[in-house]
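Enquirer: What follows is a single structure, and I will ask about it in a moment.
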Amino acid sequence: MSRSVSLLFGVHAHQPVGNFPEVLADAHLRCYQPFLQVLHRYPSFCFAVHISGWLLDYLFDHYPEDMALLRDMVMRGQVELFGAGDTEPVLAAIPNRDRIGQIQTFSDKLERKLGRRPQGAWLTERVWEATVVPALADCGIRYVIVDDYHFLCAGKTAAELDGYFTTEEDERKLDLFPISEALRYRLPFSPADEAVAYIESLAENSTTGHGNAAVYFDDIEKFGIWPETYQWVYEKGWLDNFIQGVLASPIIRPQHYRDYHAAEKTRGVVYLPTTSYMEMNEWTLPAGPANIYADLVQQAKAVGWYDGNKAFLRGGIWKNFFSRYPESNWMHKRMLGLSRRLASLPERQRSVAMKHKLYESQANDAYWHGLFGGLYLPHLRRAVFKAIVELEAMLDACAPRPTRFLEDTDLDGIEEMYLQTGKIQAVLKMNDGGIICELDSYLLTHNFGDTLRRQVEHYYRKIHQREDSPHGYSGAGIASAHERLSFKNKITAGDMVADDHARGLFVDRLNGDFITYRHEPSSADDSTCQTEVYSQYVKKSIALAGNWLQVSYLFAAEAEGVFCTEINLAMPSCDGWGGRYIYRGQIPGGFGQLLELSAMTDITLDDDVLGGSVELKVSVPAELHAQPYYSVSQSEEGFEKIMQAVTLKLQWPVMVGALVVSLAINARQNVVAGHLP
183 MSRSVSLLFG VHAHQPVGNF PEVLADAHLR CYQPFLQVLH RYPSFCFAVH
233 ISGWLLDYLF DHYPEDMALL RDMVMRGQVE LFGAGDTEPV LAAIPNRDRI
283 GQIQTFSDKL ERKLGRRPQG AWLTERVWEA TVVPALADCG IRYVIVDDYH
333 FLCAGKTAAE LDGYFTTEED ERKLDLFPIS EALRYRLPFS PADEAVAYIE
383 SLAENSTTGH GNAAVYFDDI EKFGIWPETY QWVYEKGWLD NFIQGVLASP
433 IIRPQHYRDY HAAEKTRGVV YLPTTSYMEM NEWTLPAGPA NIYADLVQQA
483 KAVGWYDGNK AFLRGGIWKN FFSRYPESNW MHKRMLGLSR RLASLPERQR
533 SVAMKHKLYE SQANDAYWHG LFGGLYLPHL RRAVFKAIVE LEAMLDACAP
583 RPTRFLEDTD LDGIEEMYLQ TGKIQAVLKM NDGGIICELD SYLLTHNFGD
633 TLRRQVEHYY RKIHQREDSP HGYSGAGIAS AHERLSFKNK ITAGDMVADD
683 HARGLFVDRL NGDFITYRHE PSSADDSTCQ TEVYSQYVKK SIALAGNWLQ
733 VSYLFAAEAE GVFCTEINLA MPSCDGWGGR YIYRGQIPGG FGQLLELSAM
783 TDITLDDDVL GGSVELKVSV PAELHAQPYY SVSQSEEGFE KIMQAVTLKL
833 QWPVMVGALV VSLAINARQN VVAGHLP
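Under the numbering used here, the first residue of the sequence shown is numbered 183, with each subsequent residue one higher.
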């Protein structure tokens, strides 16, 4: 019998919920459209596709002609569709009821739009926990794909990973395909003929006696969006050359996962540990441990034992992002709380709109950060909070909450204080100086407290090193984004200094020192939308009424010196053209500029993207210092500075005795598109 290898080729297409229209248009132009057009010319090259639900809807709405190509390839049997959660959640991070709902919603969508229900599923970021098996199996999914690394961590050898295996959990069975790391790093970065030759070589390597497979499933964005790839893949013809090489090979057989799965037997039972792909295991770690981990990897490579033993040199797991980033944990626990509230409603009160908003709040991208911006991108977090705020308003209409209540939302052992009027909501960290960590407008569906505390990141070390080579890569083909070192912005050491405090609203200092408050439970009933905290020299009161937030300070007679409060506001326009200050009928600058005023009593922050404004008033004239707050992030395009918030610092001499700071959140009426009335 002549040797052969089945090529199981799949691509995964995804854009985060809330991504910019211009980003989506560019992704379509440089990747989605040309990829589909090239593949459509080769009917005998069968492949698998997973397009996340939100992106699939967007492509159908904006590029129906390309979706017609995809549907045609599905109908003629060239394309196998893969399922997943509809909004691309990490299934392990959401409740089982929502796993089932997300998977079923997306499978229904595929059948409705493209005419087929999936048998296989894509796991977001290849995050594996055995707890996801029952939901997948109960939704009719027969097999999923994970990295070969997962299997190596379970004690399998690379030579064994040329087919699929079987696992079970809670009496449900699921089959698992191992994605080849070697193929992930070759396609499309190696020359096409070398990639084809490597796949052919796999026909000789099987030790199992079964029909062996070369398993590939990876981001389609590597075929046009990653740096240099559009020219390489399309203009220089890599994709055409690769497909032609595969089809001309007497050894390689392009095959669908479903057909291979039906024709071949399982390689046996396997139980995988909780893990993701190798790079993710580093990204989940704090900077210090991540640097240690990276050093150990480099040492292992230098002495030549890494490739054969990498499974035993592991980092963290995906859920570590919740313990590493308080902002990610807060979003996650807020989402879980709303999921519980929705599930507790009588079924007649649960609406499709509620379910959609819950699922949008579970989209994975804003919850983590690695090579891609993720959590560091304000517009992605904003999309999650928009869904959270919208869903909360719907739930409140069905089952109203008290105007004031305590809850340990983030599971840190200390309860937060919630104050809400139905128009706005403030959440106070009672153990952190009475700082407001969340300030929601239900009318504008926005959280003004959605910013990010700057902490040291593991990639800061690369920035400090500033290697001479732009990406440190040499050889045939092009470099992967993992191998590059480039800068989108000039970054200084000062840009990477870690914050010494949480970035919230009303961070108070007396003579430069942070004020530590204590909270004393009051006898006021839950209908009173206010609370108080105390320190040795300052009494701080927070109250809400309508769309107003009022923070009052009363200073003890023995207090002296200078009092300062810091207000960090997440304004959607950031340092773009759509955000500006309005002061005494004039526009002194935008949010991306420094602004200093003396004897300021009121100022407005107006934002086109928000479609509204924040009106700040003080009872005693203050010195105002306003500036943009940036963090340093990394992405596949390089290191960059991203504006997270507008930081307003208000200062008074303590001799004022008492003062009041008020914020009013207004929908736009008289100020339209940057023009004053």
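Where is the CB? At the ideal position from N, CA and C, for every residue including glycine. If you're wondering where the values come from, they're calculated on a predicted model, not measured in any experiment.
1) For residue 405, which option in 434, 217, 626, 235 has the closest C-alpha, if you only look at C-alpha atoms?
2) Measure the beta-carbon distance from residue 354 to residue 316 and round it to whole angstroms, keeping in mind my assumption that it falls under 8 Å.
3) Under 8 Å, do residue 792 and residue 754 count as touching if we go by C-beta distance?
4) Rounded to whole angstroms, how far is the Cβ of residue 500 from the Cβ of residue 309, which I believe are closer than 8 Å?
5) Expressed to the nearest angstrom, what Euclidean distance is found between the alpha-carbon atoms of residue 531 and residue 579?
6) Taking the beta carbon of residue 306 as the centre, do at least 16 other beta carbons fall within 10 Å, making it buried, or is it exposed?
7) What residues are listed by DSSP as bridge partners for residue 479?
8) Considering only C-alpha positions, which residue in the set 281, 293, 296, 529 is nearest to residue 321?
9) Between residue 575 and the rest of its own chain, which residues show a CB-CB distance below 6 Å, the 5 nearest in sequence each way excluded?
10) Give the DSSP-derived three-state secondary structure of residue 560 in the structure shown.
11) Spatial neighbours of residue 609 within its chain, please: C-beta separation below 6 Å, excluding the five flanking residues on both sides.
12) Between 771, 769, 325, 765, which has its C-alpha nearest residue 782's C-alpha?
13) Hey, which unbroken runs of the beta strand (DSSP E) at 3 residues or more fall wholly within the stretch 384-448?
14) From this set, 312, 361, 360, which residue's C-alpha is nearest residue 352's C-alpha?
15) Could you tell me whether the Cβ atoms of residue 384 and residue 818 are closer together than 8 Å?
16) Taking 8 Å as the limit between beta carbons, can you name the residues of its chain near residue 743, skipping five residues before and five after?
17) Do you know whose CA, among 398, 490, 242, lies nearest residue 339's CA?
18) Going straight from the alpha carbon of residue 232 to that of residue 295, what length do you get?
19) From residue 686 to residue 732, what distance separates their C-alpha atoms?
20) What are the boundary residues of the alpha helix (DSSP H) that residue 761 is part of?
21) Got a sec: does the ligand GTP put a non-hydrogen atom nearer than 7 Å to the Cβ of residue 764?
22) So residue 833 is in the beta strand (DSSP E); what residue range does that whole segment cover?
23) Around the C-beta of residue 447, are 16 or more other C-beta atoms found within 10 angstroms, so that it is buried, or is it exposed?
24) Within 10 angstroms of the Cβ of residue 453, are there 16 or more other Cβ atoms? Answer buried if so, exposed if not.
25) Check whether the stretch 223-230 touches the stretch 260-269, counting contact only when three or more Cβ pairs, one atom from each stretch, lie closer than 8 Å.
26) Per the DSSP calculation, residue 610 is bridged to which residue(s)?
27) Roughly how far, in whole angstroms, is the beta-carbon of residue 716 from the beta-carbon of residue 738, given that I think they are within contact range, below 8 Å?
28) Of all the options 841, 326, 562, 485, which has the alpha carbon lying nearest to the alpha carbon of residue 802?
Expert: The short version:
1) Numbered from 1 along the sequence shown, position 223 holds the residue referred to as residue 405. Closest by alpha carbon: 217.
2) The residue given as residue 354 occupies position 172 in the sequence shown. The residue given as residue 316 occupies position 134 in the sequence shown. The pair is a contact, with the Cβ atoms about 5 Å apart (cut-off 8 Å).
3) Within the sequence shown, the letter at position 610 stands for residue 792. Within the sequence shown, the letter at position 572 stands for residue 754. It is a contact, given that the beta carbons lie within the stated cut-off.
4) By 1-based counting over the sequence shown, the position of residue 500 is 318. By 1-based counting over the sequence shown, the position of residue 309 is 127. Yes, residue 500 and residue 309 are in contact; Cβ-Cβ is about 5 Å, under 8 Å.
5) In the sequence shown, counting from the first residue as 1, residue 531 sits at position 349. In the sequence shown, counting from the first residue as 1, residue 579 sits at position 397. Roughly 10 Å separates the two Cα atoms.
6) As a first step, residue 306 is located in the sequence shown; it is residue number 124 there, counting from the start. By the neighbour-count rule (16 or more Cβ atoms within 10 Å), residue 306 is buried.
7) By 1-based counting over the sequence shown, the position of residue 479 is 297. Per DSSP, none; premise fails for residue 479.
8) One-based indexing of the sequence shown puts residue 321 at position 139. Minimum Cα distance to residue 321 is reached at 281.
9) Counting from 1 along the sequence shown, the entry for residue 575 is found at position 393. Cβ neighbours of residue 575 beyond the five flanking positions: 624.
10) Your numbering for residue 560 matches position 378 in the sequence shown. Residue state, collapsed to three classes: helix.
11) In the sequence shown, residue 609 corresponds to position 427, counting from 1. So the list reads 598, 600, 619, 620, once near-sequence residues are dropped.
12) Counted from its first residue, the sequence shown places residue 782 at position 600. Closest option to residue 782, Cα to Cα, is 765.
13) 395-401, 434-436
14) Along the sequence shown, one-based indexing puts residue 352 at 170. Cα-wise, what sits closest to residue 352 is 312.
15) For this step, residue 384 is matched to residue 202 along the sequence shown. For this step, residue 818 is matched to residue 636 along the sequence shown. Taking the C-beta atoms as reference points, residue 818 is found no nearer than 8 Å to residue 384.
16) Numbered from 1 along the sequence shown, position 561 holds the residue referred to as residue 743. Excluding sequence neighbours, residue 743 sits near 692, 693, 835, 836.
17) Within the sequence shown, the letter at position 157 stands for residue 339. That would be 490, whose Cα lies nearest to the Cα of residue 339.
18) The residue labelled residue 232 in the question sits at position 50 within the sequence shown. The residue labelled residue 295 in the question sits at position 113 within the sequence shown. Using only the alpha carbons, I get a separation of about 13 Å.
19) The count along the sequence shown starts at 1 and reaches residue 686 at position 504. The count along the sequence shown starts at 1 and reaches residue 732 at position 550. Their Cα atoms are separated by approximately 15 Å.
20) The residue given as residue 761 occupies position 579 in the sequence shown. Element bounds for residue 761: not the alpha helix (DSSP H) but the beta strand (DSSP E), 761-765.
21) Only the bare structure without any ligand can be found here, which leaves the ligand GTP out of the picture.
22) By 1-based counting over the sequence shown, the position of residue 833 is 651. Unbroken beta strand (DSSP E) run through residue 833: 820-835.
23) The residue given as residue 447 occupies position 265 in the sequence shown. Looking at its Cβ environment, which holds fewer than 16 other Cβ atoms inside 10 Å, residue 447 is exposed.
24) In the sequence shown, the residue the question calls residue 453 occupies position 271. By the Cβ neighbour-count rule, residue 453 is exposed, with fewer than 16 other Cβ atoms within 10 Å of its own.
25) yes
26) On the sequence shown, position 428 is the one that residue 610 refers to. Residue pairing from DSSP places residue 610 in a beta bridge opposite 599, 618.
27) What you label residue 716 is simply residue 534 of the sequence shown in a count that begins at 1. What you label residue 738 is simply residue 556 of the sequence shown in a count that begins at 1. So it is not a contact: roughly 10 Å between Cβ atoms.
28) To locate residue 802, count along the sequence shown from 1; it is residue 620. Comparing Cα positions, the closest option is 841.
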